[in-house]
Amino acid sequence: MSDYNETPEEYWYNTRTGEVEQGKQSISSERLGPFPTFEQAERANEKLAENARAWAEEEAAEDDE
Numbered sequence: 001m002s003d004y005n006e007t008p009e010e011y012w013y014n015t016r017t018g019e020v021e022q023g024k025q026s027i028s029s030e031r032l033g034p035f036p037t038f039e040q041a042e043r044a045n046e047k048l049a050e051n052a053r054a055w056a057e058e059e060a061a062e063d064d065e
C-alpha cells in the first residue's frame with residue numbers, strides 16, 4: 001500500500017542504520033527527511049548540526065537583547 005503523500009523522489013536518512021532510503025522504508029522515529037535528493041539525505045546529520053548551531057546562535061543573540 002502506497003502513502004498518498006509520498007513521491008518517488010523523496011529520500012530519507014535512517015538514523016538507526018545511517019543509510020539513505022528512497023521512500024518511506026523505515027518507521028518514522030528512525031527517519032529524517034524528506035530530502036529532494038540522495039546527496040542531501042546523505043548530509044542529514046551535518047544539516048541537523050548546522051541548524052542546531054544557527055538556532056543556538058539566534059537564541060544567544062535574543063538573550064543578549
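Numbering follows full-length UniProt numbering, with no gaps: position 16 of the sequence shown is 16. Quick reminder that beta carbons are idealized off the backbone N, C-alpha and C, glycines included. Here the structure is a predicted model, which is why all the values come from computation and not from measurement.
Outcome for residue i when other beta-carbon atoms lying within 10 angstroms are tallied against a minimum of 16
| i | result |
| --- | --- |
| PRO36 | exposed |
| ALA54 | exposed |
| MET1 | Confidence is the limiting factor: at MET1 the pLDDT is only 46, short of 50, which leaves the residue's position unreliable, though a coordinate-based value still follows. MET1 should be labelled exposed. |
| ALA41 | buried |
Counterpart residues of residue i in DSSP-defined beta bridges
| i | result |
| --- | --- |
| GLN22 | TYR11 |
| ARG31 | ASN14 |
Given residue i as reference, the closest of the options once Cα atoms are compared
| i | options | result |
| --- | --- | --- |
| GLU30 | THR17, PHE38, GLY23, GLN40 | THR17 |
| GLY23 | GLY33, THR15, TYR11, LEU32 | TYR11 |
Through-space distance from residue j to residue i, alpha-carbon basis
| i | j | result |
| --- | --- | --- |
| GLU62 | ALA52 | 15 Å |
| SER28 | LEU48 | 17 Å |
| PRO34 | GLU50 | 17 Å |
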